[in-house]
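Below is the structure:
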């Protein structure tokens, strides 16, 4: 089964900042193709860039809204065996002899397997052929798989860079949001189903920002 996985760069951000990340990308590379919240997954921005490595580096240095930048080295159908095969292929080129690594996966969507299944498949494939050490705490490199529905995007990142970004947390507004109380004036129409759906949409939007009461 062939699958279209278009992005060569994936960016993560806090919920609600996706459009600001789009602006940052387009400021640095006006010709980049940017998809905000691909497949509806918030906190994620997909990019097709002519120079993904350079763009990722510039964004991490200049934008406070970009939390992590994953340059995609390979993509395939989201199936553990296929992911392991592609991860091994790029690991042969990118992981030095004697280095340590960890496999990590973030899944978005419904699948018949877990993130741990993917990590085990990827880790086993790399250890079996390259005989590298697995270090789950402070690896030299992280083989990172971002799964978006049927697509798996595989990246290799230096462990120190991933750890560094995780420590530099942006200010969180959610502790303020959950103190808010939002009153909603009901939308009334002749169709009760339409009124219900409108209320559900508003409620889901408020849930995304962890509003306290509504």
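In the working numbering, the protein residues as written are 40 to 253.
All residues carry an ideal CB built from backbone N, CA and C; glycine is no exception.
Treat the numbers as computed from the prediction; the structure is a model and nothing was measured.
message: Rounded to whole angstroms, what is the Cα-Cα separation between residue 181 and residue 199?
response: Approximately 9 Å, taken between the alpha carbons.
query: Taking just the CA atoms, how far does residue 220 sit from residue 135?
result: A straight line joining the alpha-carbon of residue 135 with that of residue 220 spans about 54 Å.
message: With a threshold of 8 Å, are at least 3 pairs of Cβ atoms found where one atom belongs to the segment 74 to 89 and the other to the segment 118 to 126?
response: Contact fails: fewer than three Cβ-Cβ distances are below 8 Å.
message: Taking the beta carbon of residue 57 as the centre, do at least 16 other beta carbons fall within 10 Å, making it buried, or is it exposed?
response: Classification for residue 57: buried.
message: When you compare the CB positions of residue 185 and residue 157, do they come within less than 8 Å of one another, or not?
response: Not closer than 8 Å, so no.
- prompt: Does the beta-carbon distance from residue 175 to residue 104 come in below 8 Å?
  reply: No, the pair does not count as a contact, with Cβ atoms beyond the cut-off.
- prompt: Skipping 5 residues on each side, what residues in its chain have a beta carbon closer than 6 Å to that of residue 92?
  reply: Excluding residues within five positions, the ones whose Cβ falls inside 6 Å are 110.
- request: Name the one or two DSSP bridge partners that residue 139 has.
  value: Beta-bridge pairing links residue 139 to 172.
query: What did DSSP end up calling residue 160 once you bin it into helix, strand or coil?
result: Helix at residue 160.
- request: May I have the straight-line CA-CA distance separating residue 170 from residue 132, to the nearest angstrom?
  value: About 14 Å.
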